[in-house]
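Structure, as structure tokens:
Chains as they are written, first to last, in my numbering: chain A, 38 to 350; chain B, 38 to 350.
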């Protein structure tokens, strides 16, 4: 496998540096080819403008997308841009290694995306998500945070990490067709001890060895599910389940796995459980009510609850 | 009022340019003081590193936050950084004017935040959100998109614009204490006619005249609601309402306003309506069940529905 790591940290001795170093060692030992774009070391300029190009489509009005299209047709990308585009096209797996700064990518990495993900070369109208240029490739974020994990939960101060990473995972990576793997987050690395940091490096190692077998996060809708205004045509259903009996403990564990699978496949959009766990509400995305009942009947605890299904939206 | 516009577009003749030009004209005519940081025109460098500082806390290991703290204490910000920090501290209202690139800020503006929002000067541990340095100030995003509005809805291809802007509105602006006003979005400006663009400029004008009276978006939780792990201590409740009678049409309109108010105040977290509108589910954040019933009784349609309230989470 060919892996491109785009690394965005100014300090080589940082924990981000250690994570990239470990990734190179592990992936190489596993027989993969690895390239690293170390953006700070390269002195990468993240400002997208005419310097991206050796060609000029319109000298009087700079429209970045139009210049990108023109450069694509006329072999007009500046050498430092072309080199990165070629690495991106070369790789099977793309890894972003970065500290979470202000809920996003450091500007040097955001600008790498701004400049390298060029119109007509990397994406085009309608060629996105499941029709994107990079379908079949995998992408993975490895990031460090200042705050503790609980602060990045749905009820936490900062909001859920999934919500924070949405513009990156959905908007940059899934948009261009990548299968996005669950992110590897090193929480609050400045405030933990050396043993914890060593543990994180080992966990990273394990995630890297599982690169080809890890199940990606699935986003819906597929382009074929959209109407002409780019809206999802697949309806949602509120499902209310109330326990009517005591289920065996082993089925409860199996139920958790089944529910996680519904979520990973884009069927389960959200879930709320009563504080006594005696009832719950699922928001499911499905073609029709029959499909919803099919999903429910496949749940290990199906027979222990009374279900009610209502179409919404 | 003092207004700082941070403008991030390379082409002065762009629609972003027109929006900033109109903002300066309107705000000045209204008697406000206006400063513009035109990042491309300034040749602003968005890469955060040692060049932010004239001081050095640790020459052997670059930790950006530690250097920011040191620079704060030793008057050690580089002149171009200090100038922007002072504009930020000077303003009562901050406006970001930008094209949405890859679901976020162009790198030149992301890097303005990375470099200017300096630790100990602009924020510090615990001094964020309702305890942030900029409480009492207002912030507003004005952005242009490539895609049409329907693509940026909750059921749209790209996901809801609120979700896309969350890292900016919540993570950068609310985090540092700003009251964040609803964003002004100019949809798909490259693909609309001149009359539509003129209409957008007029709408922007109206939004600017209402700067001081527009109600901000409210995010919860307040810091005082958090436990020691930075998690919200205020519970949530699923509320199920089923219509039992036919409500007068004028009450339906009033109900919409009341529901929007619950959302603006951070009480209503989400809502799902059955496709026949005969029932609905609200997810409410409230101290206890009695408070929930208080919110429900205040709804114009309260008497026309049968309600059920269950604590979750």
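The C-beta atom is built at its ideal place from N, Cα and C for all residues, glycine as well.
Check                                                                                                                     : Outcome
DSSP three-state assignment for residue 52 of chain B, whether helix, strand or coil                                      : helix
Per-residue contacts from residue 329 of chain B into chain A (C-beta, under 8 Å)                                         : Going along chain A, no residue has its Cβ under 8 Å from residue 329 of chain B, so there is no contact; the nearest lies around 13 Å.
Enclosing beta strand (DSSP E) for residue 130 of chain A [first to last residue]                                         : 130-136
Short CB-CB distance (under 7 Å) between residue 99 of chain B and chain E                                                : Absence of chain E from the displayed structure is noted, the protein chains being A and B.
Option in A:129, A:126, A:90 with minimal Cα separation from residue 111 of chain A                                       : A:90
Partners in chain A for residue 255 of chain B, counting only beta-carbon separations shorter than 8 Å                    : Those within 8 Å of residue 255 of chain B in chain A number zero; the least Cβ separation is about 14 Å.
N-terminal and C-terminal residue of the beta strand (DSSP E) that residue 229 of chain A is part of                      : No beta strand (DSSP E) holds residue 229 of chain A; DSSP gives it neither H nor E.
Residue burial classification, residue 269 of chain B (beta-carbon count within 10 angstroms, cutoff 16)                  : buried
Cα-Cα separation, residue 105 of chain A to residue 226 of chain B                                                        : 18 Å
Residue 84 of chain A - containing alpha helix (DSSP H), residue span                                                     : Careful: residue 84 of chain A lies outside any alpha helix (DSSP H) and carries neither H nor E.
C-alpha gap between residue 63 of chain A and residue 211 of chain A, whole angstroms                                     : 26 Å
Complete runs of the beta strand (DSSP E) confined to the segment 207-250 of chain A [at least 3 residues]                : 221-223
Start-to-end residues for the beta strand (DSSP E) that takes in residue 318 of chain A                                   : 316-322
Exposure of residue 325 of chain A, with buried meaning 16 or more beta-carbon neighbours within 10 Å                     : exposed
Residue 345 of chain B - DSSP class collapsed to helix/strand/coil                                                        : strand
The segment 200-208 of chain A contacting the segment 180-200 of chain B, beta-carbon criterion three pairs below 8 Å     : yes
Cβ-based neighbour list, residue 343 of chain B, same chain, cut-off 6 Å, excluding 5 preceding and 5 following           : 279, 281
Chain A contact for residue 48 of chain B (CB, 7 Å cutoff)                                                                : yes
C-alpha gap between residue 318 of chain B and residue 305 of chain A, whole angstroms                                    : 17 Å
Closer than 6 Å: residue 332 of chain A CB and nearest the ligand FMN heavy atom                                          : With respect to the ligand FMN, the structure shown offers nothing to examine, as it has no ligands at all.
Host alpha helix (DSSP H) of residue 151 of chain A (start-end)                                                           : 144-153
Residues in the segment 217-228 of chain B having any Cβ partner in chain A nearer than 8 Å                               : 227
Where the beta strand (DSSP E) through residue 39 of chain B begins and ends                                              : 39-44
Amino acids of chain B, ordered along the chain, whose beta-carbon sits closer than 7 Å to that of residue 138 of chain A : 151
Best match in B:258, B:119, B:136, B:193 for proximity to residue 189 of chain A [C-alpha to C-alpha]                     : B:258
The segment 313-345 of chain B: positions lying closer than 7 Å to chain A by Cβ                                          : 316, 318, 320
Residue range of the beta strand (DSSP E) that includes residue 277 of chain B                                            : 273-280
Three-pair Cβ contact test at 8 Å for the segment 116-133 of chain A versus the segment 70-80 of chain A                  : yes
Meets three-Cβ-pair contact criterion under 8 Å: the segment 123-137 of chain B and the segment 122-138 of chain A        : no
Option in B:223, B:296, B:142, B:166 with minimal Cα separation from residue 195 of chain A                               : B:166
Burial state of residue 182 of chain A, where buried means 16 or more other Cβ atoms lie within 10 Å                      : buried
7 Å Cβ cutoff met for residue 221 of chain B and residue 241 of chain B                                                   : yes
Neighbour list for residue 200 of chain B in chain A, Cβ cutoff strictly below 7 Å                                        : 200, 203
Residue 68 of chain B versus B:152, B:94, B:249, residue with shortest Cα-Cα distance                                     : B:249
Boundaries of the alpha helix (DSSP H) in which residue 102 of chain A is found, first to last residue                    : 101-110
Three-state secondary structure assigned by DSSP to residue 124 of chain A                                                : helix
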